[in-house]
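For reference, each letter of the sequence shown is one residue, going 1 to 59 in full-length UniProt numbering.
Encoded as structure tokens, the structure appears first; notes follow it.
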Amino acid sequence: MTDGKRRLHAFLTAFVVTLCVLAFGIGFLEVDARSRQVGFGDENTLLNSLTGQNWQLPW
């Protein structure tokens, strides 16, 4: 494998892993907010418990 291909492969791998981690984090926040609404009928999410602020997702 040439040096250019190796660098491209490393970049694409890091990019895909970063996108997966971001998608996992956003999914976790979404599920936390929705399950809290359905299960308890309130808006207190895990972030609210940790930070004292209730951040709303834009959708």
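All residues carry an ideal CB built from backbone N, CA and C; glycine is no exception.
Rounded to whole angstroms, Asp32 and Leu46 show a C-alpha spacing of 7 Å. Rounded to whole angstroms, the gap between the alpha carbons of Ser49 and Ala23 is 22 Å. Pairing Leu29 with Met1, the inter-Cα distance amounts to about 40 Å. Annotated three-state conformation of Gln37 is helix, per DSSP.
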